[in-house]
Amino acid sequence: MRIEKLVRLMRENEFDGALISPGTNLYHLTGLHIHESGERITLLVVNSDGEYQLLAPSLYENTIRDFPVTFWRDGENPYEKLAWILGELELSSGRILVENTMRSDWLINVIKLGNGNFEFYHLNLLMRMLRMRKDPAEIRLMERAAKVADRVFEEILNLEFIGMRERDLALKIELLIRELSNGLSFEPIVASGENGANPHHLPGSRRLRKGDFVIIDYGAKVEGYCSDITRTIALGRPNEKLLEIYEIVKDAQERAYRAVREGALARDVDGAARETIEKAGYGGYFTHRTGHGLGLDVHEEPFIGPDGEVTLREGMTFTIEPGVYVPGLGGVRIEDDVVVKEGRGKRLTKADRELVVL
Ligand code: CO
Ligand code: CO
146 MRIEKLVRLM RENEFDGALI SPGTNLYHLT GLHIHESGER ITLLVVNSDG
196 EYQLLAPSLY ENTIRDFPVT FWRDGENPYE KLAWILGELE LSSGRILVEN
246 TMRSDWLINV IKLGNGNFEF YHLNLLMRML RMRKDPAEIR LMERAAKVAD
296 RVFEEILNLE FIGMRERDLA LKIELLIREL SNGLSFEPIV ASGENGANPH
346 HLPGSRRLRK GDFVIIDYGA KVEGYCSDIT RTIALGRPNE KLLEIYEIVK
396 DAQERAYRAV REGALARDVD GAARETIEKA GYGGYFTHRT GHGLGLDVHE
446 EPFIGPDGEV TLREGMTFTI EPGVYVPGLG GVRIEDDVVV KEGRGKRLTK
496 ADRELVVL
């Protein structure tokens, strides 16, 4: 189990304990499927001797096996049980790592239990070191997730786009993803015509029509690992201006891809895309970073932005997704998933990047 790796890092960095609430870190460390515990506190407690105990609601009594766990029932005070676990693991003071996404109501109760004897730190200080570089088994899952994304793109090109509402297309994409994988990485984005100027547009009732550029952004999960792809297609005779923008974005995406190499900085990859778009005169319309790390979370480290200080290493996986968004006109984004392999970038998503005109 990967808990041992965390414990080694805890010792090296002089942390005494870790409190890990449900989320992708807990899954990464234990393989336990605890998706949602809502308001009921669920917490993995780990000490620097490598001992650990899970506190979980009794709802999980029949599903969590072969794992040291203390269950609590509705009506009981779970924090009394947590106090007992902390005692068993000899965690009464010291430097404690806390899951970054832990609910504040749980954390406030933990702070009270600690009586001022705990010093709290973000768990991601260490988890980032365990998660940024993927092992071969993780990369295989990401390849499968990327393949699903490619396959969905192929399938949707058979649809009759004209007259369809954005949300109809989003639903079709969602159904295909669910058919071919373990679920969505995130709610699909379909942004048509002038809506394409909003990078995170929510698919609405606008009907697709001739002359539109349509940004389509979605991803699939395979055993927890995400893909994330964007393609922009044209309906009918493409608008000249958007056609020009399309070629600039495609060029920027390719240049950023080629800038990926072991030892480069994340910001070098961002710079390659940004410089291309700036030179073409659209710098002001490229309003976000070039990409983000991808794995169990759809957005994780390393972030590929102008301030990206992470040095790229073998096994890191991230997106490259430059875009240009012109208010009143529309937008173009092209996004692929990339892994650093044998010193260079290798695309995981492979759907055609030439403009598709339907
Ligand atoms: Co995306
Ligand atoms: Co993305």
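Going by my numbering, the first residue of the sequence shown is number 146, and it counts up by one from there. Every residue, glycine too, gets a C-beta built ideally from N, C-alpha and C.
Indicate whether the contact test is met: 3 or more Cβ pairs, each with one atom in the stretch 464–481 and one in the stretch 423–435, closer than 8 Å. Contact between the stretch 464–481 and the stretch 423–435 is present: three or more C-beta pairs spanning the two stretches fall below 8 Å.
Would the C-beta of Gly168 count as close to ligand 1, meaning under 8 Å from any of its heavy atoms? To locate residue 168, count along the sequence shown from 1; it is residue 23. No, the Cβ of Gly168 stays beyond 8 Å of every heavy atom of ligand 1.
Relative to the alpha-carbon of Glu283, which residue among Val502, Glu459 and Asp396 has its alpha-carbon at the smallest distance? Residue mapping note: residue 283 aligns to position 138 of the sequence shown, counting from 1. It is Glu459.
Ligand 2 heavy atoms versus the CB of His345: any closer than 8 Å? By 1-based counting over the sequence shown, the position of residue 345 is 200. Incorrect: His345 has no Cβ contact closer than 8 Å to ligand 2.
Kindly identify the DSSP beta-bridge partner or partners of Ser249. Taking the first residue of the sequence shown as position 1, residue 249 is located at position 104. DSSP, once it has assigned bridges, lists no residue as partnering Ser249.
Inside the stretch 304–352 only - alpha helix (DSSP H) runs reaching at least 4 residues: 311–325
First and last residue of the beta strand (DSSP E) that includes Ile449? The residue you call residue 449 lines up with position 304 of the sequence shown. Start and end: Glu445 to Ile449.
Short of 8 Å in beta carbon distance, which residues of its chain neighbour Ser350, apart from the five on each side in sequence? Order them along the chain. As a working note, residue 350 is residue 205 in the sequence shown. So the list reads Arg310, Glu311 and Arg312, once near-sequence residues are dropped.
To which residues of the same chain is Ile307 closer than 7 Å at the C-beta, ignoring the five residues directly before and after it? Here the question's residue 307 lines up with position 162 in the sequence shown. If the five residues before and after Ile307 are omitted, its C-beta is found closer than 7 Å to the C-beta atoms of Leu353, Arg354, Lys355 and Leu380, all from its own chain and listed in chain order.
State the Cα-Cα distance for the pair Glu305 and Leu457, rounded to the nearest angstrom. On the sequence shown, residue 305 is found 160 positions in, with the first residue counted as 1. On the sequence shown, residue 457 is found 312 positions in, with the first residue counted as 1. Roughly 42 Å separates the two Cα atoms.
Helix, strand or coil for Asp482, going by three-state DSSP, please let me know. For the purposes of this step, residue 482 is taken as residue 337 along the sequence shown, with counting starting at 1. Asp482: strand per DSSP, three-state reduction.
May I ask you to report which of helix, strand or coil DSSP gives Ala411? Within the sequence shown, numbered from 1, the residue matching residue 411 stands at position 266. DSSP places Ala411 in helix when its eight states are reduced to three.
Tell me the residue span of the beta strand (DSSP E) that contains Phe298. In the sequence shown, counting from the first residue as 1, residue 298 sits at position 153. Counting along the chain, Phe298 falls outside any beta strand (DSSP E), though it belongs to the alpha helix (DSSP H) covering Pro281 to Ile301.
Apart from the five residues on each side of it in sequence, which residues of its chain come closer than 7 Å, Cβ to Cβ, to Arg218? Here the question's residue 218 lines up with position 73 in the sequence shown. Excluding sequence neighbours, Arg218 sits near Ser203.
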